[in-house]
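*Asks:* Just dropping this structure here.
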Amino acid sequence: MSSRIESSGGSIGDLIASRVANRGLPRAFYHDQRVYRAEIDTVWRQGWLVAGHACQIPEAGDYFTYEFDGDSVIVVRGDDGGIRAFYNTCRHRGTQICTQQAGHVGRFVCPYHQWVYGRDGELLTARGMPDDLDRSQLGLAPAAVREVAGLIFVSFADEPTDFDAAQAELEPAIVPQGLAQAKVARTIDYVVAANWKLVWENNRECYHCNANHPQYIKANFDHYNADDTSGRVQTAIDAATARSHVKWAACGLEVTHKQTGMTVFPDAERDIWFAANRTPLVDGYVSETMTGQQVAPLMGQYADADVGTLRIRTLPNFWNHSSCDHSVSTQLVPTGLHQTNVRVTWLVNREAQEGIDYKLDDLLPFWQLTSEQDWELCAAAQRGINSHAYRPGPLSPYKEYNVEGFLRWYLAKLQKVR
Amino acid sequence: MSSRIESSGGSIGDLIASRVANRGLPRAFYHDQRVYRAEIDTVWRQGWLVAGHACQIPEAGDYFTYEFDGDSVIVVRGDDGGIRAFYNTCRHRGTQICTQQAGHVGRFVCPYHQWVYGRDGELLTARGMPDDLDRSQLGLAPAAVREVAGLIFVSFADEPTDFDAAQAELEPAIVPQGLAQAKVARTIDYVVAANWKLVWENNRECYHCNANHPQYIKANFDHYNADDTSGRVQTAIDAATARSHVKWAACGLEVTHKQTGMTVFPDAERDIWFAANRTPLVDGYVSETMTGQQVAPLMGQYADADVGTLRIRTLPNFWNHSSCDHSVSTQLVPTGLHQTNVRVTWLVNREAQEGIDYKLDDLLPFWQLTSEQDWELCAAAQRGINSHAYRPGPLSPYKEYNVEGFLRWYLAKLQKVR
Amino acid sequence: MSSRIESSGGSIGDLIASRVANRGLPRAFYHDQRVYRAEIDTVWRQGWLVAGHACQIPEAGDYFTYEFDGDSVIVVRGDDGGIRAFYNTCRHRGTQICTQQAGHVGRFVCPYHQWVYGRDGELLTARGMPDDLDRSQLGLAPAAVREVAGLIFVSFADEPTDFDAAQAELEPAIVPQGLAQAKVARTIDYVVAANWKLVWENNRECYHCNANHPQYIKANFDHYNADDTSGRVQTAIDAATARSHVKWAACGLEVTHKQTGMTVFPDAERDIWFAANRTPLVDGYVSETMTGQQVAPLMGQYADADVGTLRIRTLPNFWNHSSCDHSVSTQLVPTGLHQTNVRVTWLVNREAQEGIDYKLDDLLPFWQLTSEQDWELCAAAQRGINSHAYRPGPLSPYKEYNVEGFLRWYLAKLQKVR
């Protein structure tokens, strides 16, 4: 392994300059520890990361921990119902306070010397310390946190970048899905043997769908592009769009993507790292399931199963695919130059009962299969790029415009901090 | 993992200067490979390490190997009854000579080409080499070794530091315990996911005992300190001390620690890296066992079970807790920035027979539980300090004076070689 | 582990200059990542490596992959019957094309986006790309490849060094063995915990054979050397040579090594990195098996079992020991400073049927045991050299002349590129 992880000679600026537009990235972007460190510090630590879902912590004192790059953050619902995030590090000797991934606390008690913190992070008692200890300076260190319609974002930045534009864009799109009134039906964690950028490059095109995602392509239109949208396909999507347009308008939903191919995302020039859109499914599909049929109670504000699919994505760590009856979140965490941890979470209406209102055997396969097909492709891409013979090849203007968009967005972020 | 192991920008001297007294160490002390390398080379390689116990090698030709930082040393009892240490590296092609952890040899024969060395390290025969080979220059490389009342110390230094003061202090304290007439009842090896300094910081305070060591605090007084020694506790330790003072004097033992709280150790200013003291146990305890009762034959020179507890400690790798009937040695070996191997060894009177004179189920639990409780705390401390949000917090003057003492001792050693 | 892997202070040139002739290499040659990287780039990437056997891919479209230092190469038999090698990296996004270790293809189809390449590496179709894509520039990158009498060599060099001298020397020696008409009976993969040079140092002397290879020394003469070839042994090898000389001449075979001791190899001054020689076995042995008896049908052009043993070796990654009835190839791949992957392959006549014409229980043990004995010695050597106390010792002029030869050859290669 070590032999594959190298330091390239030149600066990161030189490396960025060496990239040719509309081609992949040079090998060093996937092999140089300095690049990895730089992108963690810039793209990741300066950005907003989805840490989890508000429905995981419904009651005051409920918490979960979120791990990233050596940091652990406690995300907790406070007594005022608001969500807060604190670094999971005692202010005394630095010990990790919450050693479980999730739980409920009245107060946070460090296991080492029992310093006690409130749910608001304040240091309440510190047995054995002098009476004149200034507790006000020793509360848990806060991390920036924002909630958007049931999604919890955190930032590790000292001065987090603007979030308001994202909130304004995402909130109205997500609210109807009812993520805030959902529950987790199942979580699956994966370790993908690929650099995190390869996972995004995979996500940003459906050029690979035809041969690799037999389930997905039955339900969706976006694997067709300008070069291969036949008359029959165009007629089908036009019909689906027209039908949905009328029907959805009644329930306040909008068709926000009406063509074949993927919606354009991200946008480096305008620094658009967030997006949500709703698009019709293929005729006969009301949910991204193996049969196309609804397999769980309707979520959120939906009164009808025919709501197409809602897609949400926020760089650098999150995307979500939602149907009328379930919602699937994917979170990435880079854990090394050639390794990305991925958590996939299936959510359903919080009133739904497993075994009665839904069965996991019906709920999981569509996105479990599609996800695992992708992880294998990402790992194969990493293995091939490991070769000294790898040279960046041409991207398809029809099918990989969003790969180019992602790479431009990424390079702009990396450039900014040099 | 790699993402957590970084190089800080400044020099180690700058880092040392950045430390604030009576606070923990800055994060880089637990994360910077250069610091780790420097402390291995100074604190560890220049110091004296307990390699094992003399009773492990009772007969001439008995040996055990001791591994540290890529080095392996053979500790062997010679024909004259003395203990010697040699690097376990053949002078021909460098091959490891003893591939077992312990054994008995007439002569050392390298498995590769059968060069033969005496128990004194001398090269005796080297088949296949020219007749004029100067064997006198090709003996096994010796390592410095000293025995103190059954404990074997080695040093990897070219010019080892003074040992005489340690010998003068430790020998009379340890002799009554009879370590030289003991035998190993059980050894348990642990891999602790924490920097070695965190293991010592844990060892140097009993602030954490109340909530974490339910067995230990029943037997001992040292988890009380100036701030929380109630009248009842003070009366109890005074009574135990007085009783012991009289009773022990008859057998030539002395109460060397008479207060609650831990004895002061180490001492950076006077470079005191060794200590031993004897202190009473709580009334009703004659041994650090689950019941407080004696569970094995008396050791050494003891004629009565009521001898309190003998504590021995030598930096950077050793401590021991002894009762009338058993003795528990703990040896540390750093094996990485975030990993420490720990060996815990239970010793009993060498005449005692397992199953007849003692049962492991009675002998082990007290210190096995207490040790494992500590290893979890050390790992939690490491995980918390991994965070970029970690900042060194204040140490309790009542309860963590020995943590401060350890850190000062450590920094003085590290400073010396810069 | 990390603590043992260091960077030495000086340059590699300084390090080379510090080596004393007729002694082992200084410790840094086995511990410095820069040395490792330099030798991979020079000794390995500039050399010719045996990737496998032509008999593994008898039909057009049969392929196997060969992995080295992050690179994967597809070795395939083309439609013209010739053998070609291509980097296993798609020219589009770099994905690994063949994800199996071996197989058969009509065309190579990248699993990601289905770019299609011919068996000659040419890009045939690239669905979804613009019509004006210049496919002629996007064929699979070729690697240099040569076949010699059934052995397949590849080179990762941009400008591979001369192969003709090796071909001229090896081909006539190997052809009678019939490797091109063989089949693989069994492959065993090992991970040896030693630097690759230690594996070669082990291979280049039989000083260690007496005590470590009880099977091998019964069959061979080369563990005797000038210093210990008794009159009885000399008589035996003279008799075996004379007998073979006459007998073999009839079948066109030649005795190319007639003394005890190993044939001289390699030769740094003349850059001889390849060799083959045939030598008699001990009286009573016609095959390197546990009994000395033939255990499989004769191979190649042999009409009689009494053909002695053919030895082939090519630096830096290959050797082979062949008997009348089977042939054993050993391939090395360094996978880290302290780790070498080794593949041992047993070949027999391709007409032979397992269970009928040969049994693995008879075929494998001789070289399986001998190989595994060596891997343990190599690992013991590495462990001993890990010690800071290691100093290069003297090599025996009688028994380790080829170790010296190997080290000189290695250093000359390393020097060349500095």
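Protein chains in written order, with this note's numbering: chain Y, -8 to 409; chain H, -8 to 409; chain V, -8 to 409.
The C-beta atom is built at its ideal place from N, Cα and C for all residues, glycine as well.
Counting only Cβ pairs nearer than 9 Å, list the residues of chain H close to PRO388 of chain V.
*Replies:* Ordered by position in chain H, the residues that pass the 9 Å Cβ test against PRO388 of chain V are MET120, PRO121.
*Asks:* What's the C-alpha gap between ALA371 of chain V and THR86 of chain H?
*Replies:* For ALA371 of chain V and THR86 of chain H, the distance between alpha carbons rounds to 5 Å.
*Asks:* Mind listing, in chain order, the continuous alpha helix (DSSP H) runs of no fewer than 4 residues lying wholly within the segment -5 to 71 of chain V?
*Replies:* Runs of the alpha helix (DSSP H) inside the segment -5 to 71 of chain V: 3 to 9, 24 to 30.
*Asks:* Quick check on the DSSP output: the alpha helix (DSSP H) that includes ALA164 of chain Y runs from which residue to which?
*Replies:* Per DSSP, ALA164 of chain Y belongs to the alpha helix (DSSP H) from 155 to 165.
*Asks:* Within its chain, find whatever has a CB closer than 6 Å to the CB of ALA296 of chain V; leave out the 5 residues flanking it on each side and keep chain order.
*Replies:* For ALA296 of chain V, where only same-chain residues beyond five positions count, the Cβ hits under 6 Å are VAL277, GLN285, CYS315.
*Asks:* So which residues on chain Y does PRO102 of chain V lean against when the C-beta distance must stay under 9 Å?
*Replies:* Near PRO102 of chain V (Cβ distances below 9 Å), the residues of chain Y are HIS199, ALA202, ASN203, GLU367, LEU368, ALA371.
*Asks:* Using a beta-carbon distance below 9 Å, is ARG82 of chain H in contact with chain V?
*Replies:* True, the Cβ-Cβ gap to chain V drops below 9 Å.
*Asks:* Quick one: does ARG195 of chain H have its CB under 9 Å from some CB of chain Y?
*Replies:* Not closer than 9 Å to any Cβ of chain Y, the Cβ of ARG195 of chain H fails to qualify, so no.
*Asks:* CA-CA distance, TYR78 of chain V and ILE376 of chain Y?
*Replies:* Each residue's Cα considered, the two are about 11 Å apart.
*Asks:* For ASP218 of chain H, return the contacting residues in chain Y, with the cut-off set at a CB-CB distance below 8 Å.
*Replies:* What ASP218 of chain H touches in chain Y: GLY119.
*Asks:* Answer with buried or exposed for PRO356 of chain H, where buried requires no fewer than 16 other C-beta atoms within 10 angstroms of its C-beta.
*Replies:* So PRO356 of chain H counts as exposed.
*Asks:* Quick test of your reading: GLU138 of chain H and ILE65 of chain H, contact by CB under 8 Å. State the CB separation rounded to the nearest angstrom.
*Replies:* Their Cβ separation, rounded to whole angstroms, is 15 Å, which puts GLU138 of chain H and ILE65 of chain H out of contact at 8 Å.
*Asks:* Could you tell me the alpha carbon to alpha carbon distance between ALA240 of chain V and ALA164 of chain V, rounded to whole angstroms?
*Replies:* Looking at the two C-alpha atoms, the distance is approximately 14 Å.
*Asks:* Beta strand (DSSP E) containing GLU138 of chain Y: first to last residue?
*Replies:* Here the beta strand (DSSP E) through GLU138 of chain Y covers 133 to 139.
*Asks:* Tell me, which residues are paired with TYR389 of chain H by DSSP?
*Replies:* DSSP lists no partner for TYR389 of chain H.
*Asks:* Count the CB pairs spanning the segment 165 to 172 of chain V and the segment 2 to 11 of chain V that are closer than 8 Å, and state whether there are at least three.
*Replies:* These segments do not touch.
*Asks:* Taking beta-carbon pairs under 7 Å, can you tell me which members of the segment 8 to 30 of chain H lie near chain V?
*Replies:* The residues in question: there are none.
*Asks:* Assuming TYR181 of chain H and LYS390 of chain H form a contact by the criterion Cβ under 8 Å, report the distance between their Cβ atoms to the nearest whole angstrom.
*Replies:* No, TYR181 of chain H and LYS390 of chain H are not in contact; Cβ-Cβ is about 25 Å, not under 8 Å.
*Asks:* At what residues does the beta strand (DSSP E) containing LYS174 of chain Y begin and finish?
*Replies:* Residues 173 to 183.
*Asks:* Chain H beta carbons: is any one of them nearer than 9 Å to that of ARG374 of chain V?
*Replies:* Taking Cβ atoms only, chain H reaches closer than 9 Å to ARG374 of chain V, which makes this a yes.
*Asks:* Quick one: list the residues of chain Y neighbouring GLY97 of chain V, beta-carbon separation under 9 Å, in chain order.
*Replies:* Within 9 Å Cβ-Cβ: nothing; GLY97 of chain V doesn't reach chain Y, min ~16 Å.
*Asks:* For a cutoff of 9 Å on Cβ pairs, would you count GLU363 of chain H as touching chain Y?
*Replies:* It does not: the Cβ of GLU363 of chain H has no partner Cβ on chain Y nearer than 9 Å.
*Asks:* So SER63 of chain V and SER378 of chain Y are supposed to be a Cβ contact under 8 Å. How far apart are they, rounded?
*Replies:* SER63 of chain V to SER378 of chain Y, Cβ: 6 Å. Contact.
*Asks:* Output, in chain order, the set of chain Y residues within a Cβ distance shorter than 9 Å of GLY1 of chain H.
*Replies:* The contacting residues do not exist; GLY1 of chain H stays about 18 Å from chain Y at best.
*Asks:* I'd like to know if GLY94 of chain V contacts chain H, where contact means its C-beta is closer than 9 Å to some C-beta of that chain.
*Replies:* Chain H contact via Cβ: absent.
*Asks:* Here's the rule: buried if 16 or more other CB atoms are within 10 angstroms of the residue's CB, otherwise exposed. What is CYS81 of chain H?
*Replies:* Label assigned to CYS81 of chain H: buried.
*Asks:* Determine the chain H residues that contact ASN79 of chain Y at a beta-carbon separation under 9 Å, and present them in chain order.
*Replies:* Per Cβ cutoff of 9 Å: ARG374, GLY375, SER378, ALA380.
*Asks:* I need the straight-line Cα distance from ARG409 of chain H to ASN211 of chain H, nearest angstrom please.
*Replies:* Caution applies to ARG409 of chain H, whose pLDDT of 49 falls short of 50 and renders its modelled position unreliable; the model cannot decide the point.
*Asks:* Could you tell me whether any Cβ in chain V is nearer than 9 Å to the Cβ of GLY327 of chain Y?
*Replies:* Answer no: the Cβ-Cβ gap between GLY327 of chain Y and chain V never drops below 9 Å.
*Asks:* Since ALA233 of chain H meets chain V, which of its residues come closer than 7 Å, beta carbon to beta carbon?
*Replies:* The contacting residues do not exist; ALA233 of chain H stays about 50 Å from chain V at best.
*Asks:* Report the residue ranges of all beta strand (DSSP E) runs contained in full by the segment 198 to 235 of chain Y; include only those spanning at least 3 residues, in chain order.
*Replies:* Segments of the beta strand (DSSP E) lying fully in the segment 198 to 235 of chain Y: there are none.
*Asks:* For the alpha helix (DSSP H) containing ALA484 of chain H, name the first residue and the last one.
*Replies:* The question about residue 484 of chain H has no answer here: the residues shown for chain H are numbered -8 through 409.
*Asks:* Rounded to whole angstroms, what's the CA-CA distance from TRP35 of chain V to TYR401 of chain Y? Just pull it up for me.
*Replies:* Roughly 36 Å between the two C-alpha positions.
*Asks:* Check the Cβ of GLY252 of chain Y against every Cβ in chain V and list those closer than 7 Å, keeping chain order.
*Replies:* Near GLY252 of chain Y there are no residues of chain V at all, since even the closest Cβ is about 11 Å away, more than 7 Å.
*Asks:* Per DSSP, which residues does THR267 of chain V bridge with? Please list them.
*Replies:* Here residue 267 of chain V is Ala; the residue named in the question, Thr, does not match the sequence. Partner(s): V:ILE303.
*Asks:* For the beta strand (DSSP E) containing ASN332 of chain Y, list its first residue and its last residue.
*Replies:* Looking at the DSSP string, the run of the beta strand (DSSP E) that includes ASN332 of chain Y is 330 to 340.
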